[in-house]
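Read through the structure below, which is laid out as structure tokens, and then see the notes.
There are 2 protein chains.
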Amino acid sequence: MTEYKDATMLDIARELKVSKSTVSRALKDHPSIGKKTRQAIQDLAKKYNYHPNNIAYSLSKKSTKTIGVIVPMLSHYYFSTVISGIEELAYKSGYKVIICQSAESYEREVIVSQALLSSKVDGLIVSISRETVNSDHFKVYQSKNVPIVFFDRVCADMEVSSVTIDDYQGAFTAVEHLIREGRRKIAHFAGPPLLQITQKRIEGYKDALSAYGIPFDENLLIDCGSGLEQENGSMAAQEMLDRGIKPDAIFAICDPIAIGVMVTLKRNHVNIPDEVAVVGFCDEPIARVVEPQLSSLVQPAFKIGETSIELLLNQINGQDHIPEKRVLTAELQIRDSSSSTI
Amino acid sequence: MTEYKDATMLDIARELKVSKSTVSRALKDHPSIGKKTRQAIQDLAKKYNYHPNNIAYSLSKKSTKTIGVIVPMLSHYYFSTVISGIEELAYKSGYKVIICQSAESYEREVIVSQALLSSKVDGLIVSISRETVNSDHFKVYQSKNVPIVFFDRVCADMEVSSVTIDDYQGAFTAVEHLIREGRRKIAHFAGPPLLQITQKRIEGYKDALSAYGIPFDENLLIDCGSGLEQENGSMAAQEMLDRGIKPDAIFAICDPIAIGVMVTLKRNHVNIPDEVAVVGFCDEPIARVVEPQLSSLVQPAFKIGETSIELLLNQINGQDHIPEKRVLTAELQIRDSSSSTI
DNA sequence: CTGAAAGCGCTAACAA
DNA sequence: TTGTTAGCGCTTTCAG
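Protein chains in written order, with the working numbering: chain D, 1410 to 1751; chain R, 1410 to 1751.
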């Protein structure tokens, strides 16, 4: 059992024969405290190695000054960068951040969101798991007036603030780029059907095609299964090849999938970009490491984090009452995997 | 101002005309509560959408059931994987985990470690920042009897539990492998001098050389500056080349550096592995994506996390009193970047 | 089986 | 400028 034989305000109050309140005030430089008393108190605090007890503070103030963050996975560059953005602004505003992973599991997501609720976070920022369809565990927050901001992956059936990137536009841009590069038979490797991003990117893909008068071919819309990992891309690409389908360009829902695709293509001696151009989404660090370097849509991850916490703090501070939906744009970073002029 | 018009135990106690204590007991299935009372209480709790207030719980129990984790960066696969290992076991044991980044900054590390102290974490797991030389902020924990476990990067001047991998052995193995592949002029790209891992790996490097009768050449011990990023490796490699030094193998302190080196080598039309073999350390996902695929030492990140939390919980539960130092071994994963039989 | 009461460490009116 | 007091929501003896 951990023991805290910490010095408390009472301890130093007794020692100095003053009251708790005086100590409390002196420690926060309250103006109405005598110079000598304050000094004496602060000195003794230092000597006793006093550290404020945040738990007690939170209980009495009914505010923990912490905000909760739930992400599907920490081990994705995208998410950890978003978190950095969140932390940066949070710390500046005197907030702590509790980070949790849902591990892409609905069940886990429910558990951590309840834990966070019980921990009385002042607000929540979340990107939902791949499995999540029910949002009751988030609606509890609303019923208790704890503000929520979703980023990237949102719950469709909730009226809350959100920060997303324009998936439709991003996909459109990517496909348009491929078309302008002279590609005509463009496949799309899609993500798990439940995710909104999957839908939006498919739409952008289709609309770009039709905008350029290219008929949509169902065979070129490839399902990568339930995962967004490299293996899913690899396998889906191999299946495609096995089925005798050979596009001249591929737009993948995300970089790992794109890279899986590239690996399979290369293994099958398909030249990139000469035979097949590839474009990913997210611009993870690996995009610059694969060969050829992968064209991708840059998601402003840090900015997404900053924006999320900004919206959240606005709500916490009562400035915003109506949910605000911010949409950022993803910019296409063209690299060798999709440019014919190599 | 966030408002919690939450139902509390008192609310449901009043409604049912019983006492707070009874509610408290009923909610935790305390045996000494009548079946009907318990049922009634639990039903009403559900109806009121009651959620326990962890803050109050923590204050009265003097234990938060949370453990703090401080890592230099979240956006490294290695660290986020360690965290997953920590979380897994922590959750199973009923502990929450608060994750913080020091962002490789000493100042930030001090701040977050104090914040965590004030938040009354029951224990701390940390991998120190690159800048950290002073460990006073951790010694406070010891003085307050809050157990600490270091992993990977430890404070040399503290008597605490730690989980590390055998850097010396890993480095030795890597270099030995290169020697057996017929390499003789083996360079080592070292890390920031302050880090213990830098020292240990250099030792392993040197000892492997001497074990095989290869004299140590100072010119082949390359300093990569203060960073462990790809750019540092790239630049250091270019400098080396510019100075006319051309080894036939390179052992890099970590994968990003190794990859930076590879990029530079390829840019200078140096063939890998024919002219120069390369081995990294850490086995990050990119190792399998670069071309040729990078040989690397696999750090059992998940296991490191599990072991850390295990040691910590032992201390929290009072089972361990003397610090325990666990050393795990890194295994060499040989890939194309260092095997001549390609 | 249930209740009363004290206490965890801190804040914040309200007094003095 | 400082003290008094009540209270935050829950746990936990000690009684009944």
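All C-beta atoms, glycine included, are put in the ideal place defined by N, C-alpha and C.
> Any contact of the region 1476-1484 of chain R with the region 1486-1500 of chain D, i.e. 3+ C-beta pairs under 8 Å?
Replying inline: yes
Go ahead and pull the three-state DSSP assignment for H1439(R). coil
Give the straight-line distance between the Cα atoms of M1410(D) and K1471(R), rounded to the nearest whole angstrom. Residue placement at M1410(D) is flagged as unreliable, the pLDDT there being 31, under the threshold of 50; a coordinate-derived value is accordingly withheld.
Can you pull the chain D residues whose beta carbon is under 8 Å from the beta carbon of S1705(R), in chain order?
Simply none; closest approach about 14 Å.
Next on the checklist: Would you say T1582(D) lies against chain R (beta-carbon separation less than 8 Å)?
Outcome noted: no
Which residue marks the beginning of the alpha helix (DSSP H) containing F1581(D), and which one marks its end? D1576 to R1589
message = Let me confirm a value: I1718(D) is counted as buried when at least 16 other C-beta atoms fall within 10 Å, else exposed. Which label applies?
response = buried
Check: Hey, does E1640(D) have any beta-carbon neighbour from chain R nearer than 8 Å?
Finding: no
Report task. Check whether the Cβ of I1464(R) lies closer than 8 Å to any Cβ atom in chain D. Result -> yes
- Task: Establish whether the CB of E1412(D) and some CB of chain R are separated by less than 8 Å.
- Result: Interpretation of E1412(D) is limited by its pLDDT of 34, a score under 50 that renders its predicted location unreliable; the figure taken from the coordinates is listed afterwards. E1412(D) counts as touching chain R.
Checking 8 Å against the spacing of the C-beta atoms, do G1634(R) and N1628(R) come in under that value? With contacts defined by Cβ atoms closer than 8 Å, G1634(R) and N1628(R) do not form a contacting pair.
TODO: Mind reading off the beta-carbon distance from I1695(R) to F1598(R)? Whole number of angstroms is fine, and I expect it under 8 Å.
DONE: Actually they do not touch by this definition, with Cβ atoms about 16 Å apart.
Query raised in the report: Counting only runs that start and end within the region 1505-1560 of chain R, where is the alpha helix (DSSP H) found for 4 or more residues in a row?
Result: 1515-1527 and 1545-1552
Please tell me whether T1762(R) has its Cβ less than 8 Å away from any Cβ of chain D. Residue 1762(R) is absent from the structure shown; chain R starts at 1410 and stops at 1751.
Unbroken alpha helix (DSSP H) run spanning V1685(R), endpoints: Run containing V1685(R): none; DSSP gives neither H nor E here.
>> Counting beta carbon pairs with one atom in the region 1592-1612 of chain D and one in the region 1640-1659 of chain D, are three or more of them shorter than 8 Å?
In response: yes
Subject >> Residues that DSSP places opposite S1749(D) in a beta bridge >> reply: The partner list for S1749(D) (beta bridge, DSSP) is empty, contrary to what the question assumes.
L1419(D): first and last residue of the uninterrupted alpha helix (DSSP H) it sits in: Boundaries of the alpha helix (DSSP H) around L1419(D): M1418 to L1425.
Review point. Skipping 5 residues on each side, what residues in its chain have a beta carbon closer than 6 Å to that of G1613(D)?
Key: Y1577, A1580 and F1581
What are the residues of the region 1495-1513 of chain R that lie near chain D, defined by any Cβ-Cβ distance shorter than 7 Å?
E1496, K1505, I1507, I1508 and Q1510
Original post:
Which residue or residues does DSSP assign as beta-bridge partners of S1707(D)?
Top reply: Correcting the residue type first, residue 1707(D) is Val in the shown sequence and not Ser. DSSP lists C1691(D) and E1740(D) as the beta-bridge partner residues of V1707(D).
Could you tell me whether any Cβ in chain D is nearer than 8 Å to the Cβ of E1700(R)? yes
Item to complete: Provide the residue span of the alpha helix (DSSP H) that contains V1672(R), from first to last.
Response: From DSSP, the alpha helix (DSSP H) with V1672(R) extends over D1664 to R1676.
Worksheet item: Taking 8 Å as the CB-CB cut-off, is Y1486(R) touching chain D?
Response: Cβ-Cβ to chain D under 8 Å: yes for Y1486(R).
task = Determine the DSSP secondary structure at T1573(R), reduced to helix, strand or coil.
result = strand
Exercise. How many Å lie between E1568(D) and V1521(D) at the Cα?
Worked result: Their Cα atoms are separated by approximately 21 Å.
- Span separating the alpha-carbon of S1511(R) from that of D1545(R): 16 Å
Fill in: Contacts of L1420(D) in chain R (Cβ-Cβ under 8 Å)
The question names Leu, but residue 1420(D) in the sequence shown is Asp. The premise fails here: D1420(D) is roughly 14 Å from chain R at the closest Cβ pair, so nothing lies under 8 Å.
Report task. Would you mind sorting F1625(R) into buried or exposed? The rule is 16 or more other CB atoms within 10 Å of its CB. Result -> Classified as exposed, F1625(R) has fewer than 16 neighbouring CB atoms from the shown chains inside 10 Å of its CB.
Note to self: For H1597(D), list the residues DSSP reports as bridge partners.
What the structure shows: L1630(D) and F1660(D)
Under 7 Å by beta carbon: chain R residues contacting I1492(D):
L1483
- To which residues of the same chain is T1738(R) closer than 7 Å at the C-beta, ignoring the five residues directly before and after it? I1574, D1575 and Q1578
>> Residues of chain R with CB closer than 8 Å to the CB of M1461(D), please, in chain order.
In response: It should be noted that the sequence gives Pro, not Met, for residue 1461(D). Neighbours of P1461(D) on chain R, chain order: S1527.
Taking contact to mean at least 3 C-beta pairs separated by less than 8 Å, is the region 1551-1570 of chain D in contact with the region 1722-1731 of chain D? The answer is yes - the region 1722-1731 of chain D touches the region 1551-1570 of chain D, with three or more Cβ pairs under 8 Å.
(request) For the region 1432-1455 of chain R, enumerate the residues whose C-beta is nearer than 8 Å to any C-beta of chain D, in chain order. (result) Contact residues of the region 1432-1455 of chain R toward chain D are absent (C-beta to C-beta distance below 8 Å).
Identify whether F1473(D) lies in helix, strand or coil by the three-state DSSP scheme.
Residue identity differs from the one stated: residue 1473(D) is Thr in this sequence, not Phe. T1473(D) falls in the coil class under three-state DSSP.
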